Structure formats: C-alpha cells, structure tokens
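Okay, so here's the structure we're looking at.
Numbering (my numbering), first residue to last: 91 to 219.
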C-alpha cells in the first residue's frame, strides 16, 4: 500500500483491495525491496525430488521448469482423454498396463491415429526417451 505495507497479489483480492494493516486502498505499487531480495534468491528446480539437480536464480526458475528433462509428460496415447502425467518410466508402465499397448524394446510403440480428416489414418511410432 502507499504506507509501505506489503501484500501478495493473491491476498489482495481476499482483502477487497484494502490494506489489512492500515485499511488504506491498495494500489498497484511494486515493492522494489522485495524484488531485490527475490533477485538474490537461488532456488532448486521443482522437479528436484524426481532427479533434477539444477538450482536457478529466482527469475530463471520458471523458464527452466517448462523445459526440464525431469518434468512430467502427458500420456501420448492418441484418441483418448487420458489425463495421466508422469516421467518416461511411469508412462511406459502406464501405456503397457492401462492402455494395453505393446511396447517394443521397452520404450517404443506403434499407434494408429486419425488426422483432421477422418479418412486419413496413419501409423506412428512413438519413442519415449
């Protein structure tokens, strides 16, 4: 707020745009002191628990996590509304056990899929690496 009290943007809506300390109306004021602290932070990747060893400055972390090799992937099984997420080994087991896919050499499988034109059907070989 204008008096220097800090509040996160998520809480701002819960307090109806009023500072919970002094009841002044909240503006869209940046807190440069907190931004400087955030810049100095080094944080582990959110996928540390599943193997990622990387540590990043605060403002680089999200970009890394969007491309991290340890991030979970969506189930690649076409033609289903499957919402399963997992790493490669989890997806291989999921495809084999839940979709009954014949996994060739452990991490590849063939699958027929339909393009935007239902008359065009093609075979695809997926390789999970």
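Positions of the beta carbon are idealized from the N, C-alpha and C atoms, including for glycine. Nothing here was measured: the structure is a model prediction, and the numbers come from that model.
* Asked: If you count every other CB in all the chains shown that lies within 10 Å of the CB of residue 126, and 16 or more means buried, which is it?
  -> Residue 126 sits exposed, since fewer than 16 C-beta atoms from the chains shown fall within 10 Å of its C-beta.
* Asked: Whose C-beta lies closer than 6 Å to the C-beta of residue 95 among residues of the same chain, with five residues either side of it excluded?
  -> Counting only Cβ-Cβ distances below 6 Å, and skipping sequence neighbours, we find 109, 111.
* To do: Taking the CB atoms as reference points, tell me whether residue 165 and residue 181 lie closer together than 8 Å.
  => Against a cut-off of 8 Å, the Cβ pair of residue 181 and residue 165 comes out as a contact.
* Would a C-beta distance cut-off of 8 Å place residue 162 and residue 141 closer than the cut-off? -> No, the Cβ-Cβ distance between residue 162 and residue 141 is not below 8 Å.
* Asked: Opposite residue 133 in the DSSP bridges: which residues?
  -> Beta bridge pairing from DSSP links residue 133 with 146.
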